[in-house]
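Chains as they are written, first to last, in the working numbering: chain Y, 1 to 209; chain D, 1 to 209.
Where is the CB? At the ideal position from N, CA and C, for every residue including glycine.
For reference, the structure discussed in these notes is given below.
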DNA sequence: CCTACCGATCGGTAGG
DNA sequence: CCTACCGATCGGTAGG
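So, in structure tokens, the structure goes:
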């Protein structure tokens with residue numbers, strides 16, 4: 001990783017668009033969009049602020065790219081899960097697994113989406129909300145299907161859907177890549193929690209009796 | 001509620017410290033600390049920016065007050081629950097109920113704590129982290145106790161504790177006071193979810209067999 | 001990739 | 001509570 005390199009005293013490879021995006025991702029995730037200046041992003045890359053404009057159109061466009069790309073990936077993940085699974089139980093298990101996994105392996109992107117989507121200029125803000133709602137409705141419908149088929153048992157599909165999705169989202173808040181748990185382990189445990197919440201637990205750990 | 005009042009053309013009561021705090025709370029929650037200017041807070045109150053300094057020491061002190069007061073309340077709630085309940089199941093039910101309820105009834109405070117604690121100056125940032133950790137450890141110990149007594153069944157107290165707490169926190173992200181659900185209803189459902197997650201469900205809805 | 005520079009806005013102060 | 005004002009920093013442009 002390149003950090004605070006003095007670009008004038010050595011044969012240092014030029015900064016790329018991907019480098020700028022990565023530096024912005026780290027800083028936006030840590031301090032928020034409005035808490036990060038272009039000067040800080042430039043310093044992290046070892047260049048001057050105006051040089052950033054060789055790679056970006058504006059600070060806002062940098063945020064748009066991060067948020068919209070991430071939301072697109074979330075929906076792609078979800079659509080793939082729905083295509084590969086038929087029954088509500090397997091669908092919920094797979095959907096929560098990939099969703100939690102993504103929030104463990106792409107923590108920065110998740111934090112930026114959740115903190116800073118509100119700071120997007122129009123029309124990107126509306127586009128982002130629409131994509132998010134798409135995932136939201138797909139997820140809720142999955143739970144409604146499980147209730148209709150009698151394999152889920154929960155008072156409100158709406159409340160359960162929010163609880164499960166936001167539980168997965170929050171993995172980005174506490175998970176550490178260098179910690180004792182693997183992302184896969186956490187994702188598996190979270191998918192178990194989701195099934196418990198909708199009353200579809202199939203593991204052998206039921207209450208003792 | 002006073003909003004955009006022209007304070008020079010009528011006998012309007014003077015702005016109070018509580019008014020400033022309330023306006024800041026709303027704007028910080030909506031746009032974040034760095035996304036909110038003192039000018040916007042002043043405009044919301046119908047006064048000029050410098051007049052705010054009759055009520056606050058600085059923008060940062062305004063944030064400190066909001067964050068530290070809120071975190072203190074969370075710990076007070078938790079300590080009261082622990083004093084009033086003895087068994088892990090009742091403790092977890094009560095702790096998640098009050099925690100989810102607080103996030104439904106104090107949405108703005110919760111959003112600010114979660115988004116902007118990182119922007120506190122020292123030493124307040126460390127103080128906030130210490131209070132938060134206090135709640136975190138108390139909550140986790142509650143789950144460890146339930147495992148030790150054999151009334152909970154979950155793979156990792158740490159993962160379950162994060163999942164349950166963050167699930168409650170996220171109520172602030174979607175709950176609407178003017179929506180169809182009451183805060184009490186949501187809190188009750190979330191406490192059921194928590195008991196399901198730790199494998200301590202006592203409701204009558206167990207899996208059909 | 002750089003230096004030089006811009007207008008706008010920021011949090012905050014002086015003084016009444 | 002106000003007007004007048006401050007230095008610092010912001011995102012961004014000109015020009016090379």
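Please check the pair residue 118 of chain D and residue 31 of chain Y, which I expect to be a contact at CB under 8 Å, by giving their CB distance rounded to whole angstroms. In this structure residue 118 of chain D touches residue 31 of chain Y by the C-beta definition: roughly 7 Å separates them, less than 8 Å.
Evaluate the contact criterion for the segment 91-100 of chain D versus the segment 180-194 of chain D: three or more CB pairs, one atom per stretch, below 8 Å. Contact holds: three or more Cβ-Cβ distances are below 8 Å.
In the structure shown, what three-state DSSP assignment does residue 123 of chain D receive? It is coil, neither helix nor strand.
How would you list, in chain order, the residues of chain Y whose beta-carbon sits under 8 Å from the beta-carbon of residue 197 of chain D? Those are 193, 196 and 197, listed as they occur along chain Y.
Is any beta-carbon of chain Y found at less than 9 Å from that of residue 115 of chain D? Chain Y contact via Cβ: present.
Members of the segment 133-166 of chain Y that neighbour chain D once the beta carbon cut-off is set at 7 Å: Listed by position along the chain: 153, 155, 156, 159, 162, 163 and 166.
Would you call the CB atoms of residue 127 of chain Y and residue 68 of chain Y closer than 9 Å? Taking 9 Å as the cut-off, the beta carbon of residue 127 of chain Y is found closer than this to the beta carbon of residue 68 of chain Y.
Should residue 64 of chain D go down as buried or exposed, given a rule of 16 or more other Cβ atoms within 10 Å for buried? Burial of residue 64 of chain D is indicated by the presence of at least 16 other C-beta atoms within 10 angstroms of its C-beta.
For residue 96 of chain D, name the three-state secondary structure that DSSP assigns. Reduced to three states, the DSSP call for residue 96 of chain D is helix.
Using a Cβ cut-off of 8 Å, which residues of the segment 16-35 of chain D contact any Cβ in chain Y, in chain order? Across the segment 16-35 of chain D, CB contacts with chain Y closer than 8 Å involve 30, 31, 32, 33, 34 and 35, in sequence order along the chain.
Under 9 Å between C-beta atoms, does residue 125 of chain D make it to chain Y? At least 9 Å separates the CB of residue 125 of chain D from every CB of chain Y.
Could you say if the segment 54-62 of chain Y and the segment 128-143 of chain Y meet the contact criterion of at least three C-beta pairs nearer than 8 Å? Contact check between the segment 54-62 of chain Y and the segment 128-143 of chain Y: fewer than three CB pairs, one atom from each, fall below 8 Å, which does not count as touching.
At the 9 Å Cβ level, is residue 232 of chain D part of the contact set with chain Y, yes or no? In this structure chain D extends from 1 to 209, so residue 232 of chain D is not present and cannot be described.
Taking the continuous alpha helix (DSSP H) assigned at residue 114 of chain D, which residues delimit it? Unbroken alpha helix (DSSP H) run through residue 114 of chain D: 107-116.
Which of helix, strand or coil DSSP assigns to residue 204 of chain D: At residue 204 of chain D, the pLDDT of 43 sits below 50, so the modelled position is not reliable; the number obtained from the coordinates is stated separately. In the structure shown, residue 204 of chain D falls within a coil segment according to DSSP collapsed to helix, strand and coil.
Test: residue 169 of chain D CB closer than 9 Å to a CB of chain Y: Chain Y, which has a Cβ nearer than 9 Å to the Cβ of residue 169 of chain D, makes this yes.
With distances taken Cα to Cα, identify the nearest neighbour of residue 149 of chain D among D:199, D:103 and D:17. If we check each option's Cα against that of residue 149 of chain D, D:199 comes out closest.
Mind the definition here: the segment 151-164 of chain Y touches the segment 104-117 of chain Y only if three or more C-beta pairs lie below 8 Å; say whether that holds. Taking 8 Å as the limit for Cβ pairs, the verdict is that the segment 104-117 of chain Y does not touch the segment 151-164 of chain Y.
List the residues of chain Y that residue 119 of chain D touches, going by C-beta distances under 9 Å, in chain order. Ordered by position in chain Y, the residues that pass the 9 Å Cβ test against residue 119 of chain D are 31, 32 and 35.
What separation, rounded to the nearest whole angstrom, lies between the Cα atoms of residue 254 of chain Y and residue 93 of chain D? In this structure chain Y extends from 1 to 209, so residue 254 of chain Y is not present and cannot be described.
For the segment 68-99 of chain Y, which residues have a CB atom closer than 9 Å to at least one CB atom of chain D, in sequence order? The residues in question: there are none.
How many whole angstroms separate the CB atoms of residue 76 of chain D and residue 132 of chain D, which I take to be in contact at a CB cut-off of 8 Å? Between residue 76 of chain D and residue 132 of chain D, the beta carbon gap of about 14 Å keeps them out of contact (Cβ cut-off 8 Å).
Give me the chain D residues within the contact set of residue 189 of chain Y, using Cβ-Cβ distance strictly less than 9 Å, ordered along the chain. Taking a Cβ-Cβ cut-off of 9 Å, the neighbours of residue 189 of chain Y in chain D comprise 154, 155, 156, 159, 160 and 163, given in sequence order.
Same chain only: Cβ atoms within 6 Å of residue 183 of chain D, ignoring 5 sequence neighbours per side: The residues 101, 104 and 105, in chain order, have a CB closer than 6 Å to that of residue 183 of chain D in the same chain once the five nearest residues on each side in sequence are set aside.
Would you tell me roughly how many angstroms separate the C-alpha atoms of residue 88 of chain D and residue 39 of chain Y, rounded to the nearest one? Taken atom to atom, the span from the alpha-carbon of residue 88 of chain D to that of residue 39 of chain Y is near 51 Å.
Kindly list the residues whose CB is nearer than 8 Å to the CB of residue 48 of chain D, restricted to its own chain and excluding five residues on each side of it in sequence; keep chain order. Around residue 48 of chain D: 42.
For residue 191 of chain D and residue 171 of chain D, what's the separation of their Cα atoms in angstroms? Residue 191 of chain D and residue 171 of chain D: Cα-Cα distance of roughly 12 Å.
Give me the Cα-Cα distance between residue 175 of chain D and residue 138 of chain D, rounded to the nearest whole angstrom. So the alpha carbons of these two residues sit roughly 26 Å apart.
Length of the line joining the Cα atoms of residue 165 of chain D and residue 154 of chain D: Cα to Cα, the separation comes out at about 15 Å.
Is the CB-CB distance between residue 74 of chain Y and residue 45 of chain Y below 9 Å? No.
Cβ neighbour criterion (16 or more within 10 Å) applied to residue 83 of chain Y: Exposed is the call here.
For the alpha helix (DSSP H) that contains residue 60 of chain D, what are its first and last residues? 59-84 is the extent of the alpha helix (DSSP H) around residue 60 of chain D.
Measure the alpha-carbon distance for residue 78 of chain D versus residue 123 of chain Y and round it to whole angstroms. Approximately 43 Å between the Cα atoms of the pair.
Comparing alpha-carbon positions, which option in Y:29, Y:80, Y:50 and Y:23 lies nearest residue 173 of chain Y? Comparing Cα positions, the closest option is Y:29.
Where do the N-terminal and C-terminal ends of the alpha helix (DSSP H) with residue 26 of chain Y fall, by residue? That run of the alpha helix (DSSP H) goes 17-31.
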